[in-house]
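*Asks:*
Chains as they are written, first to last, in UniProt numbering: chain A, 1 to 351; chain B, 1 to 348.
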């Protein structure tokens, strides 16, 4: 699928602008012709499997790696030409962020603040406030060596914020923390973005997390951005030709029912398969979910997928009941991020 | 008056602008805050001071130095009693004399100095990388070259402080035990010797920083550094000795051939930084040394056997000093080039 460049909507000027960005390592293209615009105040999720080129892209945005081709503009500046100004305004938390272990949390924050030339009195206040905000006020004078993974990540957030950036880039911020920690961290990120008007770019391969807090996501596979937009619009992109799929679990399925359904206005295609023969590739999770209430007569249950150009659920159910079939379950298929992910990543790896 | 101040400020900003490729010279900074370079230097210096590693090293070196003073003092006392010692530069012999039980201070510095340099530099960059702090640090407004330069500067400062402290300690102890005050020239000679020692250790420091950039594992980089150190301190002299024997012309050869051979061997020896340092130490601490190369009898005829003045000693060893500085700078240049091209990824 062709990536459609997202054009900045009225009023929102792009704060990060990538055009035809390329990075080559030897024979391999790590990033291949990336176009991306991120507006001010947005939370953008860069979603992709490991090795898709997410980190490379981020490093190029910070001027830590030189692009092979294309252009990068961050806050209207070229990071390769003005690295210091860009780094002053962009806070970056690498995946697996590290701290000086034999120094305290406060020392680590103060060091970052001093590198950003923040006067020490002000830095001290900021550090205290940020530690409070990320919930590490009590661990302020503890050595970072004794910190848990989640604490480190939260300290990482404080560390990113102490320079009072315009843009925050978080590389895999949720990696390796427990679900409760993840929720807390995401809530924190969202809060920060909304309260301070920060632009947040976060990369992840955890689609659910990205879905929770991102305004828009970009799917990044093999160095190419294959789709971007908000989650509903990605789902629409996935629904080819604007068709709707209605899934039914029917007991007592027969050919006559199939004919009736096929003759309903709007139905384009009827696909039926026995529940016991469902092959895992076509979404075993969905099938199992639909067939769940009918375990006792699973053998008799047929899963039917109606591909139609409008929602025909009520007509279909009426037709089945009138035709003598038993309607056990019915669901209009919604594309979640899971399907999107699966579908695009499959397409990406096969291409 | 005001004009000159403005002129100077403009001149300075022009120079920084030139260095930084323009534009960013006026990067907003609160007045009175140290530049990131000095912030890193301070932090590194503090880290070294607190580290066990430095404590152990300084312990070893201090013990060695105290031992060498003891050896020197006993040698001097017996020598003076036997009228065997030239009393003119008696104080300098604190650093070069020994009763044979322990090596001299100069030898200790030649041998242990590199170890100190290697110990302070071998994990300078790769430890940051492995701890995941490199990416975080370099995403702050810091130039990459400032980062390695700051690492180098901090360690070099520490080395300078340590060596000068030790040197002055030896001088003070010597003063107490032999009761013979140094002349200003002797003092300057010792200060210069310590400076040269800092340059020499600085070379090893730089080499180990280079290894720490090249090798991702701290152990590999430490071992490479130590291997080179052992090679130059022990094996290199042996190898040159072997080559010398193998290629030696017959004793009856013409003078020019003999001299050419001797000079070639000297050149080979001088490829080793520890040999350069030995030559420097000898010249600075033993004013009687008049030449570092072969001398013919014809050249010596008519010369008055007197010590060289300070200026002449410096002139004599100047090329060696420049050689050491050049080696240091080459190492730094290579480190710089390598580091600039390296990927900054955490723990990858």
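In this text, a Cβ means the ideal position worked out from N, Cα and C, and glycines have one as well.
Here's the rule I'm using: 16 or more other beta-carbon atoms within 10 Å means buried, otherwise exposed. How should residue 61 of chain A be labelled?
*Replies:* Locating residue 61 of chain A in the first chain gives position 61, counting from the first residue. With 16 or more Cβ atoms within 10 Å of its Cβ, residue 61 of chain A is classed as buried.
*Asks:* So that I know if they touch, is there some Cβ in chain A lying closer than 9 Å to that of residue 47 of chain B?
*Replies:* Along the second chain, one-based indexing puts residue 47 of chain B at 47. Output row for residue 47 of chain B: interface = yes.
*Asks:* At the level of alpha carbons, what is the spacing between residue 169 of chain A and residue 141 of chain B?
*Replies:* Taking the first chain and counting its residues from 1, one reaches residue 169 of chain A at position 169. Taking the second chain and counting its residues from 1, one reaches residue 141 of chain B at position 141. So the alpha carbons of these two residues sit roughly 15 Å apart.
*Asks:* Note down, in chain order, every chain B residue with its Cβ under 7 Å from the Cβ of residue 94 of chain A.
*Replies:* Your numbering for residue 94 of chain A matches position 94 in the first chain. Those within 7 Å of residue 94 of chain A in chain B are 132, 135, 136, 346.
*Asks:* Is residue 333 of chain A close to chain B, meaning its C-beta is less than 9 Å from at least one C-beta of that chain?
*Replies:* Here residue 333 of chain A refers to the residue found at position 333 when the first chain is read from its first residue. Not closer than 9 Å to any Cβ of chain B, the Cβ of residue 333 of chain A fails to qualify, so no.
*Asks:* Using Cβ-Cβ distances below 9 Å, what residues of the segment 303 to 320 of chain A are close to chain B?
*Replies:* Those would be none; no residue qualifies.
*Asks:* Could you tell me whether any Cβ in chain A is nearer than 9 Å to the Cβ of residue 153 of chain B?
*Replies:* Taking the second chain and counting its residues from 1, the one referred to as residue 153 of chain B is at position 153. Output row for residue 153 of chain B: interface = no.
*Asks:* Any C-beta of chain B within less than 8 Å: which residues of the segment 61 to 88 of chain A qualify?
*Replies:* Of all residues in the segment 61 to 88 of chain A, 62, 64, 65, 81, 82, 83, 84, 85, 87, 88 have a Cβ within less than 8 Å of some Cβ in chain B.
*Asks:* Give me, in chain order, the residues of the same chain whose beta-carbon lies closer than 8 Å to that of residue 263 of chain B; leave out the 5 immediate sequence neighbours on both sides.
*Replies:* The residue labelled residue 263 of chain B in the question sits at position 263 within the second chain. Closer than 8 Å at the Cβ level, and outside the excluded window around residue 263 of chain B, lie 293, 294.
*Asks:* For a test of the three-state rule: what should DSSP assign to residue 269 of chain A, helix, strand or coil?
*Replies:* The residue you call residue 269 of chain A lines up with position 269 of the first chain. It is a strand residue.
*Asks:* Using the C-alpha atoms, what's the distance from residue 309 of chain A back to residue 266 of chain A?
*Replies:* Start at 1 with the first residue of the first chain, and residue 266 of chain A comes out as number 266. Start at 1 with the first residue of the first chain, and residue 309 of chain A comes out as number 309. In a straight line, the C-alpha of residue 266 of chain A is about 6 Å away from that of residue 309 of chain A.
*Asks:* Return the CA-CA distance between residue 56 of chain A and residue 24 of chain A, expressed in angstroms with no decimal places.
*Replies:* Indexing the first chain from 1 puts residue 56 of chain A at position 56. Indexing the first chain from 1 puts residue 24 of chain A at position 24. If I take the Cα positions, the gap works out to 10 Å.
*Asks:* What's the C-alpha gap between residue 259 of chain B and residue 296 of chain B?
*Replies:* As a working mapping, residue 259 of chain B is identified with position 259 in the second chain. As a working mapping, residue 296 of chain B is identified with position 296 in the second chain. Rounded to whole angstroms, residue 259 of chain B to residue 296 of chain B spans 9 Å at the Cα level.
*Asks:* How is residue 317 of chain B classed by DSSP in three states: helix, strand or coil?
*Replies:* For the purposes of this step, residue 317 of chain B is taken as residue 317 along the second chain, with counting starting at 1. In the structure shown, residue 317 of chain B sits in a helix (DSSP, three-state: H, G or I).
*Asks:* Report the three-state DSSP secondary structure of residue 363 of chain A (helix, strand or coil).
*Replies:* Residue 363 of chain A lies beyond the range of chain A shown here (1 to 351); nothing can be said about it.
*Asks:* How is the beta strand (DSSP E) around residue 220 of chain A delimited, first residue to last?
*Replies:* Indexing the first chain from 1 puts residue 220 of chain A at position 220. Per DSSP, residue 220 of chain A belongs to the beta strand (DSSP E) from 216 to 221.
*Asks:* Identify the residues that DSSP records as bridge partners of residue 180 of chain B: which are they?
*Replies:* Residue 180 of chain B sits at position 180 when you count from the first residue of the second chain. Residue 180 of chain B pairs with nothing; no bridge assigned.
*Asks:* Under 8 Å from any heavy atom of the ligand GTP, does the C-beta of residue 179 of chain B make it?
*Replies:* Looking at this structure, you won't find the ligand GTP or any other ligand, since it has none at all.
*Asks:* For the pair the segment 68 to 76 of chain A and the segment 121 to 140 of chain A, tell me if three or more CB-CB distances fall below 8 Å.
*Replies:* No, the segment 68 to 76 of chain A is not in contact with the segment 121 to 140 of chain A.
*Asks:* What are the residues of the segment 36 to 61 of chain B that lie near chain A, defined by any Cβ-Cβ distance shorter than 7 Å?
*Replies:* Flagged, chain order: 36, 39, 43.
*Asks:* As an exercise, report each continuous alpha helix (DSSP H) stretch of at least 4 residues that is fully enclosed by the segment 202 to 242 of chain B, in chain order.
*Replies:* List check, alpha helix (DSSP H) in window: 218 to 230.
*Asks:* Could you tell me which uninterrupted alpha helix (DSSP H) segments, each at least 4 residues in length, are contained entirely in the segment 157 to 234 of chain A, listed from first to last along the chain?
*Replies:* Entirely contained in the segment 157 to 234 of chain A, the alpha helix (DSSP H) runs reaching 4 residues are, in chain order, 179 to 196, 207 to 213.
*Asks:* Return helix, strand or coil for residue 153 of chain A, following the three-state DSSP convention.
*Replies:* Taking the first residue of the first chain as position 1, residue 153 of chain A is located at position 153. DSSP places residue 153 of chain A in helix when its eight states are reduced to three.
*Asks:* Who does residue 332 of chain A pair with in a DSSP beta bridge?
*Replies:* Start at 1 with the first residue of the first chain, and residue 332 of chain A comes out as number 332. In DSSP, residue 332 of chain A forms a bridge with A/246.
*Asks:* Of all the CB atoms in chain A, is at least one closer than 9 Å to the CB of residue 143 of chain B?
*Replies:* Here residue 143 of chain B is taken as the residue at index 143 of the second chain, counted from 1. At least one chain A Cβ lies under 9 Å of residue 143 of chain B.
*Asks:* My guess is that residue 362 of chain A and residue 316 of chain A are in contact by the Cβ rule of under 8 Å, so how many angstroms apart are they, rounded?
*Replies:* Absent from the structure is residue 362 of chain A, since the part of chain A shown begins at 1 and ends at 351.
*Asks:* Check whether the Cβ atoms of residue 58 of chain A and residue 190 of chain A sit closer than 9 Å, and answer yes or no.
*Replies:* Counted from its first residue, the first chain places residue 58 of chain A at position 58. Counted from its first residue, the first chain places residue 190 of chain A at position 190. No; because the gap between Cβ atoms is not below 9 Å, this pair is not in contact.
*Asks:* Measure from the C-beta of residue 59 of chain A to each C-beta in chain B and report whether the shortest distance is under 9 Å.
*Replies:* Within the first chain, residue 59 of chain A is the residue found at index 59, counting from 1. Yes, because at least one Cβ of chain B sits closer than 9 Å to the Cβ of residue 59 of chain A.
*Asks:* At which residues does the alpha helix (DSSP H) containing residue 306 of chain A begin and terminate?
*Replies:* Along the first chain, read from residue 1 onward, the residue named residue 306 of chain A stands at position 306. From DSSP, residue 306 of chain A is part of no alpha helix (DSSP H) but of the beta strand (DSSP E) over 301 to 308.
*Asks:* 9 Å is my cut-off, CB to CB: does residue 93 of chain B come that close to chain E?
*Replies:* In the displayed structure, chain E is absent; the protein chains listed are A and B.
*Asks:* Is there a Cβ from chain A that is less than 9 Å from the Cβ of residue 107 of chain B?
*Replies:* Mapped onto the second chain, residue 107 of chain B falls at position 107. No, residue 107 of chain B lies away from the interface with chain A (no Cβ there is under 9 Å from its Cβ).
*Asks:* Look up residue 36 of chain B in the DSSP assignment and say whether it is helix, strand or coil.
*Replies:* Along the second chain, read from residue 1 onward, the residue named residue 36 of chain B stands at position 36. Three-state DSSP puts residue 36 of chain B in a helix.
*Asks:* Could you name the residues of chain B that residue 159 of chain A contacts, counting a contact when the two beta carbons are closer than 9 Å?
*Replies:* Mapped onto the first chain, residue 159 of chain A falls at position 159. Chain B residues near residue 159 of chain A: 136.
*Asks:* Just to confirm before moving on: does the CB-CB distance between residue 123 of chain B and residue 221 of chain B stay below 9 Å?
*Replies:* For the purposes of this step, residue 123 of chain B is taken as the residue at position 123 of the second chain. For the purposes of this step, residue 221 of chain B is taken as the residue at position 221 of the second chain. Yes, these two residues count as a Cβ contact at 9 Å.
*Asks:* When the Cα of residue 401 of chain A is compared with those of A/150, A/223, A/51, A/41, which residue comes out closest?
*Replies:* No information on residue 401 of chain A is available, as it lies outside the stretch 1 to 351 that chain A covers here.
*Asks:* With 8 Å as the C-beta to C-beta threshold (strictly closer), list the residues of the segment 99 to 118 of chain A near chain B in chain order.
*Replies:* Residues 99, 100, 101, 102, 111, 112, 114, 115, 116, 117, 118.
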